[in-house]
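Report on the following structure.
In structure tokens, the structure reads:
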């Protein structure tokens, strides 16, 4: 694991700067104590990172759970009661892993996963535009179209025009220039520029800028545009930041409903992220999904016990890790330790980081996820790939992550059914001479009830006085619904003077008396 320390250490620093505002912002959007987001980030990095089989995935508080958390805190009568649901949710997730529910991850279409990555990239860019210009009404980590501040993604961008902060905008532009210069030119000049990451330099310059301009009326950055890490007065006050579950609420059925909701949503988000990060991984490693669910379950149980938000594997931090050159799980673990050490030792220094600088860092992350060239690639792959892809992208941008993914999956399923409808058989008209129609229909290897419509349509369209050769030699599975269609068609065929030659592995039969008997099926006896 330490073989790639020179890669993982710089990457962990970038992930730390991406994770810090997101942990705080998601906690704020969830209506939870700010420190709960940091607890989740620390546990997601250190505990889940150590237990997970993913080499490049990073876990922490998830924006997709923010609405669930916000509602549950009010419904369950307080944050301490909600923590009981988090503990139980973690246990349920662990059981999911034991039951091998992680296999679900392998059934997400590639087009939907690519759409998820692209949609998140676009959302990151759109959501960071207000922060880039110093308008921080909506907390970091609120990825939903309809925001907690009452605006939506697009109206927030329009409102930004009236709230531009010159100082925050200036340092954001400088930071973005540094990041672009670092990645396109300097990193290719010397290894020192690979070891020292551009985001670290941008953050340091942002802190220096704030310190030297804080008294300037125009170029200064006010405190509302800075990171807001809770600062303890003493060790006792630091301990006071932790919350503990009220286990007397465990008999409340709503607590159990919330626990199952957290377990299901967190597991789904994790599995989606696992599939996405595995696709982004330059080394093309495969994450053991059941182990991942168990690791997430342990992380959520521990988070609930000490006052943290629920955790999942998260794509923004994971992609930042990959883009920064992270090679092993050490990057995720170190970023967790950075969060822990920094909130204990240097919270005051962290609170001098301008949010606009972190927005510039997230701009770069978002662009690399949503490169314009990907749209061209998916379009050239054909409509069966492009339509689920674009539906997922649009769904994520204009609703939220889970709704967007669900829409993409529905379209993906429709495409599969449509192709199944098309590919159930091959119809070939061999001869149309002398008014006779010699037609051959070859059925596919598997023919199910999804193919009923296509086969029925073809049979009904056969002209009178035809000779149909029905070849089922390659068919391994023939659904009972299809056999019944053939059975019904046999009587129609007699009326339309259509002869049928059935070719199977057992030989050839002309105008079989009963297709049900031929395929060794028996109609159910009617009850007396």
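Residue numbers (our numbering): 995 to 1522. A virtual CB, placed ideally from N, CA and C, is assigned to each residue, including glycine. In this text the structure is predicted, and so the values were computed from the model without any measurement.
For residue i, does the three-state DSSP call read helix, strand or coil?
i, result
"residue 1054", "strand"
"residue 1475", "helix"
"residue 1072", "coil"
"residue 1370", "helix"
"residue 1012", "helix"
"residue 1489", "helix"
"residue 1514", "coil"
"residue 1307", "strand"
"residue 1245", "helix"
"residue 1394", "coil"
"residue 1283", "helix"
"residue 1140", "strand"
"residue 1329", "helix"
"residue 1523", "Since the first residue shown for the chain is 995 and the last is 1522, residue 1523 is missing from the structure and cannot be characterised."
"residue 1432", "strand"
"residue 1460", "strand"
"residue 1151", "helix"
"residue 1225", "coil"
"residue 1022", "helix"
"residue 1522", "Any reading at residue 1522 is ruled out, since the residue's pLDDT is 38, under 50, leaving its predicted position unreliable."
"residue 1146", "strand"
"residue 1502", "strand"
"residue 1324", "helix"
"residue 1006", "helix"
"residue 1440", "strand"
Tell me which same chain residues have a C-beta within less than 8 Å of the C-beta of residue i, skipping the five on either side of it?
i, result
"residue 1058", "1137, 1259, 1263, 1306, 1394, 1395 and 1396"
"residue 1110", "1266, 1270, 1309, 1386, 1390, 1395, 1398, 1399 and 1402"
"residue 1471", "1439, 1440, 1441 and 1442"
"residue 1518", "Reliability fails at residue 1518, whose pLDDT of 47 lies under 50, so the model's placement of it is uncertain and the value that follows must be treated cautiously. Nothing listed; no residue qualifies."
"residue 1077", "1237, 1238, 1239, 1240, 1298, 1299 and 1301"
"residue 1502", "1495 and 1496"
To which residues of the same chain is residue i closer than 6 Å at the C-beta, ignoring the five residues directly before and after it?
i, result
"residue 1090", "1261 and 1287"
"residue 1115", "1360, 1363 and 1364"
"residue 1371", "none"
"residue 1279", "1049"
"residue 1328", "1006"
"residue 1146", "1139 and 1140"
"residue 1316", "1050 and 1274"
"residue 1457", "1431"
"residue 997", "none"
I'd like to check one pair, residue j with residue i: are the Cβ atoms closer than 8 Å?
i, j, result
"residue 1477", "residue 1443", "no"
"residue 1381", "residue 1405", "yes"
"residue 1112", "residue 1129", "no"
"residue 999", "residue 1324", "yes"
"residue 1172", "residue 1199", "yes"
"residue 1303", "residue 1034", "yes"
"residue 1484", "residue 1509", "yes"
"residue 1221", "residue 1347", "yes"
"residue 1080", "residue 1293", "no"
"residue 1239", "residue 1074", "yes"
"residue 1023", "residue 1060", "yes"
"residue 1067", "residue 1021", "no"
"residue 1254", "residue 1092", "no"
"residue 1002", "residue 1320", "yes"
"residue 1495", "residue 1469", "no"
"residue 1108", "residue 1383", "yes"
"residue 1290", "residue 1004", "no"
"residue 1250", "residue 1082", "yes"
Have a look at the options and flag the residue whose alpha-carbon is nearest the alpha-carbon of residue i.
i, options, result
"residue 1011", "1509, 1163 and 1345", "1345"
"residue 1313", "996, 1003 and 1008", "1008"
"residue 1330", "1021, 1031, 1024 and 1001", "1031"
"residue 1169", "1157, 1202 and 1378", "1202"
"residue 1506", "1489, 1481 and 1486", "1481"
"residue 1150", "1435, 1446 and 1131", "1131"
"residue 1455", "1126, 1487, 1475 and 1445", "1487"
"residue 1028", "1235, 1281 and 1052", "1235"
What residues in its chain sit with their C-beta under 7 Å from that of residue i, if we drop five residues either side in the sequence?
i, result
"residue 1019", "1133, 1134, 1135 and 1136"
"residue 1181", "1187 and 1188"
"residue 1521", "For residue 1521, the predicted model reports a pLDDT of 43, less than 50, meaning its position is unreliable and no value from the coordinates is stated."
"residue 1013", "1035, 1054, 1311, 1329 and 1333"
"residue 1491", "1458 and 1459"
"residue 1244", "1078"
"residue 1450", "1479"
"residue 1351", "1165, 1166, 1169, 1196, 1197 and 1200"
Compare the C-beta of residue i against all C-beta atoms of chain C and say whether one is closer than 8 Å.
i, result
"residue 1370", "Absent from the structure: chain C. Only one protein chain is present."
### Task
Please confirm if the segment 1092 to 1101 is in contact with the segment 1361 to 1377, defined as three or more CB-CB distances below 8 Å between the two stretches.
The segment 1092 to 1101 vs the segment 1361 to 1377: no contact.
Is the segment 1155 to 1167 touching the segment 1214 to 1223, taking contact as three or more C-beta pairs under 8 Å? By the Cβ criterion, the segment 1155 to 1167 is in contact with the segment 1214 to 1223, since at least three pairs of Cβ atoms, one from each stretch, lie closer than 8 Å.
Original post:
Is the segment 1335 to 1350 touching the segment 1038 to 1054 in the sense that three or more CB pairs, one from each, lie closer than 8 Å?
Top reply: By the criterion of at least three beta-carbon pairs nearer than 8 Å, the segment 1038 to 1054 is not in contact with the segment 1335 to 1350.
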